[in-house]
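The structure appears below as structure tokens.
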Amino acid sequence: MNQIPPQTTKRLDVVDALRGFALLAIVLIHNVEHYNIFHLPEGQPDWLTALDKQVWDATFFLMAGKAFATFSLLFGFSFFIQLSNQERRGRDFRARFAWRLVLLMLFAELHSLFYNGDILLLYAFCGFSLLAVCKLSNKAVFWIATFLLLQPFEWYRMIHALLDSSYETVVGNVFVTFFEKCDPIVREGGFLAFVHSNITNGQAYNNCWQVENGRLFQVPALFMYGMLLGRLRYFEKSIASICFWKRLLGVSLIAFAFLYAFQRLVAPSLTDKGTDAFDTAFRVAFGSYLNFSMMCVLVAGFVLCWFYAENGYRFQRLLIPYGRMSLTNYITQSIIGCTIYAGYGLGLWRSAGATVSILIGVGIVALQLCWSRRWLSRFRQGPLEYVWKKLTWIYTK
716 MNQIPPQTTK RLDVVDALRG FALLAIVLIH NVEHYNIFHL PEGQPDWLTA
766 LDKQVWDATF FLMAGKAFAT FSLLFGFSFF IQLSNQERRG RDFRARFAWR
816 LVLLMLFAEL HSLFYNGDIL LLYAFCGFSL LAVCKLSNKA VFWIATFLLL
866 QPFEWYRMIH ALLDSSYETV VGNVFVTFFE KCDPIVREGG FLAFVHSNIT
916 NGQAYNNCWQ VENGRLFQVP ALFMYGMLLG RLRYFEKSIA SICFWKRLLG
966 VSLIAFAFLY AFQRLVAPSL TDKGTDAFDT AFRVAFGSYL NFSMMCVLVA
1016 GFVLCWFYAE NGYRFQRLLI PYGRMSLTNY ITQSIIGCTI YAGYGLGLWR
1066 SAGATVSILI GVGIVALQLC WSRRWLSRFR QGPLEYVWKK LTWIYTK
């Protein structure tokens, strides 16, 4: 596994399309969740209630945890491209990337004004892990990432709970306290109360939830795997890359089938005999494994379809501009979505079930996709991407 420097600085369309696909899935999930206003409408016809359940289950089975994981994987890949491009020019990009992460924290605060489910702050924090490993060998990075992906803290909690039945841990439910404080305001409060709640209890709720659901270990692992995909040029079509994605697809399908069967058939008997601490840690660890294996299936399938069609199928190429403006679209979809569902806006959380909500999500994606294509026909970058780049290079020698 030797590092192979990229031969070109040209953007890879398959990566932009995959990023657009991940963002599309994130928008659909957020809409089904009503942007963290969890509510099932009452008084609907039975057929619509049944359909809502099917839509809810299918959306979470296929997308929840997988879209975010794909987004994280591509963040690590983008870091590698930026690092390599600057090394080719004789520059050390590490300090500049650290500053770039600080700027990402500011974008995260902007996003948090409108949505209490921001992921950018966690990305900014975990992004420093890339600086710690970017000069290590591929093998070292792979094993560090794999260790993190296995959720070592959750294994510590499971083993501790098995050895000591009196062991208790508060980690796992801290987020609920903050959620209960911000939820009524998000549902019924005015805009200023909504914003204040988001940047206080909302941020505490969101960040506690991220940590308590294993993402503090999962995100750096995905970043590192994405960096390795860039080093080995697996997003560029070649015999080696096609073989890699085929192997990954096969192994991931088997792993997912095994983990899913284990969770359904074996896990209930284990958790019934365990303590609350064991149950919580088990759920986080194995939920992470399931999401990762399904994410690998989806990503490998997407890339192989792209390679098979030589330059992507039409539906994949349609997503390229959406992925190129991912930061802008990620933040603006939250502003649009919260205005639709939250109490200060249209308040559709009260009446929109999963079916209606996912159709609204499709509408948001279609609107953003049209806007992205129009914007990129005139400019090279999205507006927030442009600001991020300009501030990244605000000072050069």
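If you use my numbering, the sequence shown corresponds to residues 716 to 1112, in order. From the three backbone atoms N, C-alpha and C, an ideal C-beta is built for every residue, glycine too.
Decide if residue i is buried, meaning its Cβ has at least 16 other Cβ atoms within 10 Å, or exposed.
i: Lys781; result: buried
i: Thr723; result: Only weak support exists for where Thr723 lies, its pLDDT of 44 falling under 50; the coordinates are left without a value.
i: Trp858; result: exposed
i: Gly917; result: buried
i: Pro1183; result: One cannot answer for residue 1183 here, as it falls past the ends of the chain, which runs 716 to 1112.
i: Tyr1004; result: buried
i: Phe776; result: exposed
i: Pro720; result: Caution applies to Pro720, whose pLDDT of 45 falls short of 50 and renders its modelled position unreliable; the model cannot decide the point.
i: Cys897; result: buried
i: Phe843; result: exposed
i: Glu869; result: buried
i: Glu895; result: exposed
i: Leu851; result: exposed
i: Asp772; result: exposed
i: Ile874; result: exposed
i: Tyr949; result: buried
i: Arg962; result: exposed
i: Trp946; result: Inspection of the sequence shows that residue 946 is occupied by Arg rather than by Trp. The residue is buried, with at least 16 neighbouring Cβ atoms inside 10 Å.
i: Gln769; result: exposed
i: Phe1094; result: exposed
i: Cys1011; result: buried
i: Thr1043; result: buried
i: Ile1035; result: buried
i: Ala810; result: exposed
Would you kindly report the start and end of the unbroken alpha helix (DSSP H) that includes residue i?
i: Val1071; result: Ala1069 to Leu1091
i: Gln1031; result: Arg1029 to Arg1032
i: Val770; result: Asp761 to Leu777
i: Glu927; result: Gln918 to Glu927
i: Ala908; result: Phe906 to Ser912
Grouping DSSP H, G and I as helix and E and B as strand, with all else coil, what is residue i?
i: Tyr1045; result: helix
i: His749; result: coil
i: Arg726; result: coil
i: Leu755; result: coil
i: Leu1061; result: coil
i: Pro935; result: helix
i: Thr892; result: helix
i: Trp1108; result: coil
i: Phe997; result: helix
i: Arg1113; result: Summary: the structure shown does not reach residue 1113, with the chain confined to residues 716 through 1112, and so no result is reported for it.
i: Met1040; result: coil
i: Asp807; result: coil
i: Thr1054; result: helix
i: Gly941; result: helix
i: Glu903; result: helix
i: Gly1129; result: Only positions 716 to 1112 of the chain appear in this structure, which leaves residue 1129 out of reach.
i: Ala1015; result: helix
i: Ser1066; result: coil
i: Asn800; result: helix
i: Ala992; result: helix
i: Gly780; result: coil
i: Ala732; result: helix
i: Pro721; result: Residue placement at Pro721 is flagged as unreliable, the pLDDT there being 43, under the threshold of 50; a coordinate-derived value is accordingly withheld.
i: Ala1024; result: coil
Is there a C-beta anywhere in chain B that falls below 8 Å from the one on residue i?
i: Asn751; result: Protein chain content of the structure displayed is limited to a single chain, and chain B is not contained in it.
4-residue-minimum alpha helix (DSSP H) runs that sit fully inside the region 943-979, ordered along the chain: If we require 4 residues or more, the alpha helix (DSSP H) runs fully inside the region 943-979 come out as 954-976.
Completely contained alpha helix (DSSP H) runs for the region 828-884, where each covers 4 or more residues: Segments of the alpha helix (DSSP H) lying fully in the region 828-884: 835-841, 843-848, 853-864 and 867-878.
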